[in-house]
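Asker:
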Amino acid sequence: MTDTVYVLNGPNLNLLGLREPEIYGSDTLDDIAAMLEDRARELGLAIDMRQTNHEGMLVDWLHEAQAEGARAVLLNPAAYTHTSIALLDAVRAIRTPVIEVHLSDPATREPFRHQSYVGMAAARTVKGLGARSYLVALDAVAEL
Numbered sequence: 056m057t058d059t060v061y062v063l064n065g066p067n068l069n070l071l072g073l074r075e076p077e078i079y080g081s082d083t084l085d086d087i088a089a090m091l092e093d094r095a096r097e098l099g100l101a102i103d104m105r106q107t108n109h110e111g112m113l114v115d116w117l118h119e120a121q122a123e124g125a126r127a128v129l130l131n132p133a134a135y136t137h138t139s140i141a142l143l144d145a146v147r148a149i150r151t152p153v154i155e156v157h158l159s160d161p162a163t164r165e166p167f168r169h170q171s172y173v174g175m176a177a178a179r180t181v182k183g184l185g186a187r188s189y190l191v192a193l194d195a196v197a198e199l
């Protein structure tokens, strides 16, 4: 096992800082990456941060995390949270711990967002803390 933590981000998260800041905050994905890099150094971890708008790419990266011996995966599947059985199956298929991360709290939003397929297999879910959700999830990895 390595000290690398994959941080995988799903669709539309490349628009953070511009997209609905009243829901997702004003931090960009680059801002979040910088915060995570700083905290990871303090914890003796390394971050491999990625974003895609494509479901299959997230599946491939989950498989890669396992193959490369990643310590854990922080996964913000975004809208795929509520639709992707493929991601559920990928999280179940790997031994690498996966922590589901959300900026907002889907349970307080539209009813169609209340179901999390990824959450059915994730080791833990951190949600509703804005960009801090990622930091809380990273701290949880350090405790694994």
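Be aware that the sequence shown starts at 56, since it is given in our numbering, and climbs by one per residue.
Cβ coordinates follow ideal geometry from the N, Cα and C atoms, glycine included.
Going by DSSP in three states, Ala101 sits in which element: helix, strand or coil?
Answerer: Looking at Ala101 - three-state DSSP - the assignment turns out to be strand.
Asker: By how many angstroms is the C-alpha of Leu113 removed from the C-alpha of Asp103?
Answerer: Using only the alpha carbons, I get a separation of about 13 Å.
Asker: To the nearest angstrom, how far is it from the Cα of Ala186 to the Cα of Asp58?
Answerer: Approximately 22 Å between the Cα atoms of the pair.
Asker: Curious, which full-length beta strand (DSSP E) runs of at least 3 residues does the stretch 111-182 contain?
Answerer: Listed in chain order, the complete beta strand (DSSP E) runs (minimum 3 residues) inside the stretch 111-182 are 127-131, 153-157, 179-182.
Asker: What is the C-beta distance between Val146 and Ala192, in whole angstroms, given that I count them as a contact (C-beta under 8 Å)?
Answerer: That pair is no contact at about 14 Å.
Asker: Please report how far the alpha carbon of Glu92 lies from the alpha carbon of Thr83, in whole angstroms.
Answerer: If you take the alpha carbons of Glu92 and Thr83, they lie about 14 Å apart.
Asker: For Asn108, does the three-state DSSP call read helix, strand or coil?
Answerer: Asn108: coil per DSSP, three-state reduction.
Asker: Can you have a look at Leu73 and say buried or exposed, based on whether 16 or more other CB atoms are within 10 angstroms of its CB?
Answerer: By the 10 Å Cβ count, Leu73 comes out exposed.
Asker: Comparing C-alpha positions only, which one of Val62, Thr151, Thr180, Arg150 sits nearest to Ala162?
Answerer: The residue with the shortest Cα to Cα distance from Ala162 is Thr180.
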